[in-house]
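All remarks here apply to the structure that follows.
In full-length UniProt numbering, the protein residues as written are 1 to 134.
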C-alpha cells in the first residue's frame with residue numbers, strides 16, 4: 001500500500017504541473033499495484049477506496065486530455081464492479097458500507113462527466129436550467 005501511496009503522490013505532483021505523460025504513467029503503475037492488492041484483499045475498505053481513487057484519478061486525467069472514451073471507461077469500470085459486488089454482498093458484512101460509498105462516488109463522477117459533455121456539446125446550458133419541484 002505504501003508503494004501505491006508514493007506513486008499516487010508523484011502522479012498528483014505531475015498532474016498539478018501539467019506533466020500529463022508522467023502523471024499517466026505513474027497513475028497506471030499505481031493502478032497495477034492496487035489492482036493486485038484489491039484482487040487479494042477485496043474486503044479491505046482502505047484498499048477498495050485506493051482502488052477506486054486510482055480509477056477516478058485516471059478518469060480526471062483523461063478528461064483533461066480530452067480523451068472522453070478513456071475518461072468514461074475509468075468511471076464505469078469501478079461502478080459496474082462495485083454494483084455487481086453489491087448484489088452479491090450480504091448487507092451485514094463490514095465491506096457493504098464501503099461498497100455503497102464507492103458506488104455513490106462513482107455516480108457523482110458519472111454525473112459530472114455527463115454534465116460536462118452536455119455543456120461541451122451545447123445540448124444543455126445547465127446554468128439556466130430551472131429547478132424542478134414535484
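Positions of the beta carbon are idealized from the N, C-alpha and C atoms, including for glycine.
Exposed unless 16 or more other CB atoms sit within 10 angstroms - verdict on residue i
i, result
"residue 27", "buried"
"residue 94", "exposed"
"residue 122", "exposed"
"residue 102", "buried"
"residue 120", "exposed"
"residue 111", "exposed"
"residue 30", "buried"
Separation of residue j from residue i, as counted between CA atoms
i, j, result
"residue 2", "residue 91", "30 Å"
"residue 81", "residue 42", "11 Å"
"residue 36", "residue 87", "23 Å"
"residue 115", "residue 83", "22 Å"
"residue 108", "residue 53", "13 Å"
"residue 63", "residue 23", "13 Å"
"residue 38", "residue 117", "31 Å"
"residue 72", "residue 59", "7 Å"
"residue 45", "residue 9", "20 Å"
"residue 32", "residue 55", "11 Å"
"residue 12", "residue 65", "15 Å"
"residue 67", "residue 19", "16 Å"
"residue 85", "residue 15", "31 Å"
Simplified DSSP assignment, three categories, for residue i
i, result
"residue 111", "helix"
"residue 41", "coil"
"residue 13", "helix"
"residue 69", "helix"
"residue 23", "helix"
"residue 1", "coil"
"residue 90", "coil"
Minimum Cβ-Cβ distance from residue i to chain C less than 9 Å
i, result
"residue 106", "Note that chain C does not occur in the displayed structure, where there is just one protein chain."
Decide if the segment 41-49 is in contact with the segment 94-106; the criterion is three or more beta carbon pairs, one per stretch, under 8 Å apart. Yes, the segment 41-49 touches the segment 94-106.
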